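The working numbering numbers the first residue of the sequence shown as 6 and each following residue consecutively.
A quick write-up on the structure given underneath.
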Amino acid sequence: MFSKKTCQRCGKKTGKGNNFCPSCGFPLGKKGKKEEFGMLGENDSFNETDMISNSLFGGMMGNVMNKMISNTMRMLEKEMRMSKQSPTNNNFPKTKIKLMINGKEVDLNSGMQKQGENKKEKQESVPLRFKKFSKEQIKKFSKLNKKEPKTELRRIADKIIYEIEMPGVESIENVTITPLESSIELKAIAEEKAYSKSIPLNLPIIGYEFSKGLLVLEFKGN
């Protein structure tokens, strides 16, 4: 008894010897399947990562390496998507993924860390602008007794921290910071006295803050 097949397009029964469906004319067998689904068959798509890894490695060992590379790249893509969801974080997050090639570990963080450092250096290279005394402040400063403030110098990594004590100075509005050719000139106004200090440093100021009579300057070290 002849076995019956079913057309994949219309669902009608066809004979074993038929190459085309007698109802709709759809090609039957493997040839028809290829024509229906394209050159690659049913799955007319390919994975770019798999294609690259397959071109690099072959054989049994190649299958293992291909799988490792594919999994690593997928995990990296996942971490990159997660980092993009946190735009407030300027530093690139370090990945926990480890990739071994020929028995040596490949550092996947070096490139991202270098990009973060370059971005930070560009931000620090922008010169700071400092407030100048008004005419009234200049007049008041000239009349007050001058005093040299106490200072403390510290070095932290590649930065130099200079702390200047100015008791009686209420806010940063009463302080001027003037970078000169080979020094930094500081002036401050308190209620009954004024402060004046020349710091013998020829380094760029990358930050400063003032709180409760204490001025902190941050210099970029050599």
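From the three backbone atoms N, C-alpha and C, an ideal C-beta is built for every residue, glycine too.
Model, not experiment: these values are computed from the prediction.
Apart from the 5 residues on each side of it in sequence, leucine 206 sits with its Cβ closer than 7 Å to the Cβ of Ser188, Ile189 and Phe224 in its chain, given in chain order.
Excluding the 5 residues flanking it on each side, proline 27 has same chain C-beta neighbours closer than 7 Å at Thr19, in chain order. The straight-line gap separating the alpha-carbon atoms of lysine 164 and glutamate 157 is approximately 14 Å. By the C-beta density criterion, asparagine 179 is buried, having at least 16 other C-beta atoms within 10 angstroms.
Residue environment for cysteine 12: buried (at least 16 other C-beta atoms within 10 angstroms of its C-beta). Per the C-alpha coordinates, the member of Arg134, Leu222, Leu81 and Lys217 positioned closest to serine 203 is Leu222. Looking at Pro154, Lys17 and Ile211, the one whose alpha-carbon comes closest to that of lysine 192 is Pro154. Taking the C-beta atoms as reference points, isoleucine 210 is found nearer than 8 Å to proline 184. Counting along the chain, no alpha helix (DSSP H) covers serine 176, and no H or E run does either.
Where phenylalanine 215 is concerned, there is no enclosing alpha helix (DSSP H), although the beta strand (DSSP E) around it starts and stops at 210-216. Contact check for tyrosine 213 against leucine 220 passes: the beta carbons are separated by less than 8 Å. In the same chain as arginine 159, and ignoring 5 residues on each side of it, the C-beta atoms closer than 6 Å to its own belong to Ile166, in chain order. The alpha-carbon separation between phenylalanine 138 and alanine 195 amounts to approximately 13 Å. Excluding five sequence positions before and after isoleucine 169, the CB atoms of its chain that fall closer than 6 Å to its own CB belong to Pro154, Thr156 and Leu220, given in chain order. DSSP places serine 139 outside any beta strand (DSSP E), giving it a letter other than H or E.
Separation of phenylalanine 146 and glutamate 197 (C-alpha to C-alpha, rounded to the nearest whole angstrom) is 10 Å. Here the alpha carbons of asparagine 150 and leucine 208 stand approximately 29 Å from one another. In the displayed model, phenylalanine 31 falls within coil according to three-state DSSP, outside both helix and strand.
Excluding five sequence positions before and after isoleucine 177, the CB atoms of its chain that fall closer than 6 Å to its own CB belong to Phe215, given in chain order. With respect to proline 32, asparagine 23 sits apart: the two C-beta atoms are not nearer than 8 Å.
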